[in-house]
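Residue numbers (the numbering used here): -2 to 168. Note that CB positions come from ideal geometry on N, CA and C, so glycine has one too. To keep things clear, I will list the structure first and then write my remarks on it.
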Ligand code: HEM
């Protein structure tokens, strides 16, 4: 019996992305013994972004100059470690064909670049006087950065846990 036209057309449809020969090549290349450097390095900017907000809040609460100084150091190191984490992530994105081909990897990239510019702004803003910068705009920027890092990190986790990007295929 001849195949109905609709079924025939469906059978002929090919997704050019998923049918790409390298679509399943998703193992990390920027890694130490199979452990992705990006996954290891993101802990630092994530934690330091939270520390910046924590130090700002403690300055607001206590008025102790120590916390305003701690906040400027946390903001600067969050940005610098963020750049390093971003560099390893970008190399991974460009070097691994199965990661490069997936739209969610690029969504994470866009979120991360926005986060890095916010982290840089939070540090740069404090250069004009780290104590006067905290209230109100420094702490507001820190609070916003906490939300941004949570979104970026959550999305990065999605790449690993939902799409298994960067994970080893060895058993
Ligand atoms: C700027 C460019 C960035 C790119 C292109 C990028 C790309 C990636 C990729 C491809 C993965 C999948 C795992 C792997 O292959 O290593 C990933 C995971 C992840 N990324 Fe990024 N990333 C970037 C920046 C960032 C930044 C700035 C943060 C947070 C500060 C971040 C947080 C995460 C987290 C939390 C994971 C999950 C790690 C895990 O659970 O193992 N990424 N990223």
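Relative to the C-alpha of residue i, which residue among the options is closest?
{"i": "residue 67", "options": "136, 152 and 141", "result": "136"}
{"i": "residue 142", "options": "161, 116 and 134", "result": "116"}
{"i": "residue 147", "options": "112, 22 and 125", "result": "112"}
{"i": "residue 125", "options": "12, 69 and 61", "result": "69"}
{"i": "residue 44", "options": "54, 72 and 33", "result": "72"}
Under a three-way DSSP split, which group does residue i fall into?
{"i": "residue 130", "result": "coil"}
{"i": "residue 163", "result": "strand"}
{"i": "residue 94", "result": "helix"}
{"i": "residue 32", "result": "strand"}
If you draw a straight line from the alpha carbon of residue i to that of residue j, how long is it in whole angstroms?
{"i": "residue 46", "j": "residue 65", "result": "14 Å"}
{"i": "residue 100", "j": "residue 157", "result": "14 Å"}
{"i": "residue 87", "j": "residue 56", "result": "35 Å"}
{"i": "residue 153", "j": "residue 160", "result": "10 Å"}
Is the CB-CB distance between residue i and residue j below 9 Å?
{"i": "residue 96", "j": "residue 150", "result": "no"}
{"i": "residue 110", "j": "residue 123", "result": "no"}
{"i": "residue 172", "j": "residue 145", "result": "The displayed coordinates of the chain run from -2 to 168. Any statement about residue 172 would go beyond what the structure contains."}
{"i": "residue 119", "j": "residue 76", "result": "yes"}
{"i": "residue 35", "j": "residue 82", "result": "yes"}
{"i": "residue 78", "j": "residue 16", "result": "no"}
{"i": "residue 93", "j": "residue 24", "result": "yes"}
{"i": "residue 41", "j": "residue 139", "result": "no"}
{"i": "residue 80", "j": "residue 128", "result": "no"}
{"i": "residue 14", "j": "residue 98", "result": "yes"}
I think residue i touches residue j, with their Cβ atoms under 8 Å apart; what is that distance to the nearest whole Å?
{"i": "residue 89", "j": "residue 26", "result": "7 Å"}
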